[in-house]
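Colleague: Numbered according to this note's numbering, the sequence shown terminates at residue 653, and the numbering increases by one at each position without gaps. Every residue gets a Cβ at the ideal spot worked out from N, C-alpha and C, and that includes glycine.
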Amino acid sequence: MKYLKKLIIYAVFILFQSCSYAYSCEIISPTFAIPSIVKKGNTLNIIFSAKQTALDFKAILLTEHSKKPLLINSTKFEDNNWQINTTIPKDVPIELYDLKIECSECSDIEERSIKIVEDYKDTFVFVHVTDTHIGVKGNEEVLAKVIEEINLINPEFVLITGDITSDCENVGRALMLKEGKKVSPYYTEKYKDLPDEKIKGSCINKYKIFLELLLKLRVPTYVIPGNHDMCGIYCEPCKEFYEEMIGKRYYSFDYGSYHFIGCDNSDMMEAAPIYYPNFKDELDDKQLIWLEEDLKKNLDKKLKFAFFHLPIYEKRCKFRELLEKYNVDMALAGHWHFDMIDNKGKPIWILTTSITAPSQVIGQQHRGYRIIKIKEGKIASYSYYGEYSIPYNELNYEFEPANDGKNYEVACRIKNELEQGFDNAQLKFIMPKDADYEIMNGELIQEVVTKNFKLIYVNINIPEEEEIEVIVRKR
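1. Three-state secondary structure (DSSP) at SER344?
2. So, helix, strand or coil for GLU645, using DSSP?
3. Taking the C-alpha atoms as reference points, what is the distance between LYS218 and GLU273?
4. Is the number of C-beta pairs between the region 331-347 and the region 396-403 that are closer than 8 Å three or more?
5. Could you check the C-alpha separation between GLY599 and PRO641 for me, to the nearest Å?
6. What does LEU510 pair with, by DSSP beta-bridge criteria?
7. Alpha carbon to alpha carbon, what distance is there between ILE342 and SER532?
8. What is the DSSP secondary structure of PRO696, counted as helix, strand or coil?
9. Mapping DSSP to helix, strand and coil, what is GLY440?
10. How about GLU318 and ILE387: do their beta carbons lie closer than 8 Å?
11. Looking at the secondary structure, which residues open and close the beta strand (DSSP E) in which VAL320 lies?
12. Could you pull out every residue in the same chain whose Cβ sits closer than 7 Å to the Cβ of ASN476, ignoring the five residues on either side in sequence?
13. Using the Cα positions of MET518 and GLU460, report the straight-line distance between them to the nearest angstrom.
14. Unbroken beta strand (DSSP E) runs of length 3 or more, entirely within the region 249-327: which are they?
15. Would TYR433 and PHE335 qualify as a contact pair, given that the criterion is a beta-carbon distance under 8 Å?
16. Pop quiz: ASP507 and PRO525 are said to be a contact at Cβ under 8 Å. What is the actual Cβ separation, rounded to whole angstroms?
17. Do you know how far the Cα of ARG494 is from the Cα of HIS406?
18. Within 10 Å of its beta-carbon, does ARG653 have 16 or more other beta-carbons around it, so buried, or fewer, so exposed?
19. Which of the three DSSP states, helix, strand or coil, is assigned to LYS246?
20. Among CYS346, THR308, LEU529, LYS229, whose alpha-carbon lies nearest the alpha-carbon of PRO415?
21. If you follow the alpha helix (DSSP H) that MET423 is part of, which residue opens it and which one closes it?
22. Would you tell me roughly how many angstroms separate the C-alpha atoms of CYS590 and TYR298, rounded to the nearest one?
23. Taking the alpha-carbon positions, what's the LEU391 to ALA322 distance?
24. Use the C-beta contact count for MET618: other C-beta atoms within 10 angstroms, 16 or more gives buried, fewer gives exposed.
25. Look up LEU240 in the DSSP assignment and say whether it is helix, strand or coil.
26. When we look at the beta-carbon of PRO455 and count the other beta-carbons within 10 Å, is it buried (16 or more) or exposed?
27. Which class does SER660 belong to by DSSP, given the choice of helix, strand or coil?
28. Could you name the residues that DSSP lists as bridge partners for ASP371?
29. Buried or exposed for GLY307, going by 16 or more other Cβ atoms inside 10 Å?
30. Are the beta-carbon atoms of ILE225 and PHE235 separated by less than 8 Å?
31. With LEU510 and THR339 assumed to form a contact (beta carbons below 8 Å), what rounded beta-carbon distance in angstroms separates them?
32. Spatial neighbours of ARG548 within its chain, please: CB distance less than 6 Å, with the 5 preceding and 5 following residues excluded, ordered by chain position.
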């Protein structure tokens with residue numbers, strides 16, 4: 179995510195005029211789309227782009243209500259970037275933080291890029307979301323509601339497997355046209371006389387909306403592209419544009435002893451036809467080499483997961499062969515807007531429906547997201563019932579009075595219409611700081627005192643098909 183955070187602050191025209199400044203002062207890692215999950219007391223390496231002459235580095239964790247400095251162990255200028263080795267304080271609250279880097283030359287902030295945890299768990303859940311299609315009427319509201327539900331469920335992290343936007347592949351078509359590549363006559367006529375800034379503008383706005391929505395999600399989020407985000411088999415500018423807007427197209431990360439591999443297989447879909455009838459059979463060669471090297475390095479992991487956009491469970495290709503050869507345990511994809519599971523062997527092949535537009539081809543009507551449960555180091559469950567994911571809008575809650583730090587008693591009423599309970603759900607109550615509080619129907623996780631408020635983090639058990647009320651009130 180090179181420019182997404184800047185879109186919140188600057189107008190689009192400033193974005194295009196400030197690329198050199200962004201390059202000279204930028205957090206490269208961790209990022210909004212590839213965050214770091216770090217234990218208290220552990221070290222964290224930060225990659226920061228700034229001039230070699232930069233001095234006096236500071237690293238700061240930020241939330242809406244607080245800031246916490248990190249101990250800098252060392253700084254080293256290497257491969258045209260600064261490597262900043264830091265230590266996470268043991269007294270820092272468990273939370274998802276923005277990261278701010280300051281130095282003598284400049285400063286930068288990367289939103290939602292570091293999650294501090296007490297420990298890595300062997301029993302946990304993560305969520306798979308796909309095909310948000312921002313730009314289609316009504317989809318912003320659906321994604322906002324899904325984010326609200328995920329915040330309550332409180333997974334360790336979320337995987338988003340592409341098609342963030344509805345039509346950013348048109349940027350790919352336009353850039354291909356400008357390079358002299360063959361595209362559909364419809365797009366030739368539409369884009370032949372438009373400047374790059376005009377072509378990119380609509381797509382940039384959709385990414386801006388996506389970012390603003392995800393800023394409300396209180397768990398780490400890992401994002402990879404889909405065909406609607408960046409389409410074009412032979413279009414390097416398409417890939418460069420996505421990387422400028424979001425970040426790396428493929429990467430891996432660890433959650434403790436569990437390994438997750440995000441791949442970009444949007445190249446498997448031809449850019450020129452309007453309805454994408456032509457598929458390639460493979461990842462690009464560079465990515466295949468990277469994938470095999472990554473898998474070789476992580477043979478000892480307890481479980482391995484791959485996540486990408488286009489399903490390959492019926493295709494014989496090198497990509498699939500590598501996942502099978504190195505015993506990847508689960509492969510998660512989207513694209514087709516319906517739910518499917520093939521668990522006859524390894525990996526377990528998972529398709530998750532869109533949260534915004536269910537498939538009309540097979541008559542699937544619900545929009546949903548998938549919860550994957552790991553229990554004592556083993557995959558325990560990955561469906562709501564049958565092959566289906568969790569239908570959205572059946573888990574609702576509201577605070578009364580407002581949860582804004584002004585009230586000494588706040589209740590949260592939760593209505594769960596799902597045939598599934600949640601035993602690790604979490605609420606954060608914002609209370610006046612000048613009092614002590616008691617909790618009804620919940621268990622205190624942590625209490626954080628900030629300049630203006632007392633933040634009460636509460637763990638709750640939400641039974642299936644029930645309504646409950648959680649209350650925090652002054653003693």
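Modeller: According to the structure shown:
1. coil
2. strand
3. 11 Å
4. With the cut-off at 8 Å, the region 331-347 and the region 396-403 touch.
5. 4 Å
6. Checking the DSSP bridge columns, you'll see LEU510 partnered with PHE485, ILE528.
7. 11 Å
8. What the structure shows of the chain is the stretch from 179 to 653, and residue 696 is not part of that stretch, so it cannot be assessed.
9. strand
10. yes
11. Counting along the chain, VAL320 falls outside any beta strand (DSSP E), though it belongs to the alpha helix (DSSP H) covering 317-331.
12. HIS437, LYS482
13. 22 Å
14. 249-256, 259-265, 273-280, 285-295, 302-307
15. yes
16. That belief holds up - the Cβ atoms of ASP507 and PRO525 are roughly 6 Å apart, short of 8 Å.
17. 24 Å
18. exposed
19. The answer is strand: DSSP assigns LYS246 an E or B state.
20. Of the listed residues, the one whose Cα sits closest to PRO415 is CYS346.
21. 414-423
22. 29 Å
23. 6 Å
24. exposed
25. strand
26. The predicted model places PRO455 with a pLDDT of 44, which falls under 50 and marks its position as unreliable; any figure quoted below should be read in that light. Taking a 10 Å sphere around the C-beta of PRO455, we find fewer than 16 other C-beta atoms and assign the residue as exposed.
27. In the structure as shown, the chain starts at 179 and stops at 653, and residue 660 therefore has no counterpart that could be examined.
28. Secondary-structure assignment with DSSP links ASP371 through no beta bridge to anything.
29. Checking the sequence shown, residue 307 turns out to be Val, not Gly. The residue in question, VAL307, is buried, as its Cβ has 16 or more Cβ neighbours within 10 Å.
30. no
31. 6 Å
32. HIS306, THR530, SER567
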